[in-house]
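S.K.: Basically my numbering = 1-based index in the sequence shown + 2.
Yeah, the Cβ is synthetic: ideal placement off N, Cα and C, and Gly gets one too.
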Amino acid sequence: MSLTISQFADAGDVGVETVRFYQRKGLLPVPDTGAGIRRYGEADVRRLRFIRMAQRAGFSLEEIRELLALDAGHDRARARALAQSRIARLDAQIAEMMQARDYLQTLASECSKNAKGPCPILASFAG
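See below:
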């Protein structure tokens with residue numbers, strides 16, 4: 003497999019600028035330019051897809067860098083710890099979002115009960 007940067011980006015379902023961004027951040031290597039055109043291989047595509055999937059799971063770029071390093075070393079304990087930490091952050095975000103949803107649902111219900119006076123939703127945001 004020998005892909006141009008455009009083909010490589012397409013294979014990873016990202017844009018060319020995203021590939022360059024990952025390269026600047028040190029997550030993807032910059033291939034040698036043998037004939038003036040950078041070429042990417044299957045291992046590069048796997049790495050790019052790994053980065054995208056880890057991002058979708060909510061890992062930061064620094065955490066992804068660590069996961070990539072762990073992948074080579076097979077450090078399951080550290081990978082599990084990173085995943086558990088991410089799960090804890092997701093749980094906190096979910097709880098916060100559920101609280102916000104419940105609050106908005108209460109305000110929407112109050113808003114529909116009485117058509118007189120200021121809107122409870124707008125009043126609650128005003129202070």
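Determine, using beta carbons only, whether R54 and G14 come nearer to each other than 8 angstroms.
M.R.: Yes, the Cβ-Cβ distance between R54 and G14 is below 8 angstroms.
S.K.: For E2, which of I123, I66, L50, V16 has the nearest alpha-carbon?
M.R.: Coverage of the chain is limited to positions 3 through 129, which leaves residue 2 absent and any answer about it impossible.
S.K.: According to the Cβ coordinates, are S4 and R41 closer than 8 angstroms?
M.R.: Closer than 8 angstroms, so yes.
S.K.: On the criterion of 16 or more Cβ atoms from any shown chain inside 10 Å, does A71 qualify as buried, or is it exposed?
M.R.: The residue in question, A71, is exposed, as its Cβ has fewer than 16 Cβ neighbours within 10 Å.
S.K.: Roughly how many angstroms separate the alpha carbons of L30 and F23, rounded to a whole number?
M.R.: Each residue's Cα considered, the two are about 9 angstroms apart.
S.K.: Nearest by alpha-carbon distance to S62: which of G75, L92, N116 is it?
M.R.: Per the Cα distances, L92.
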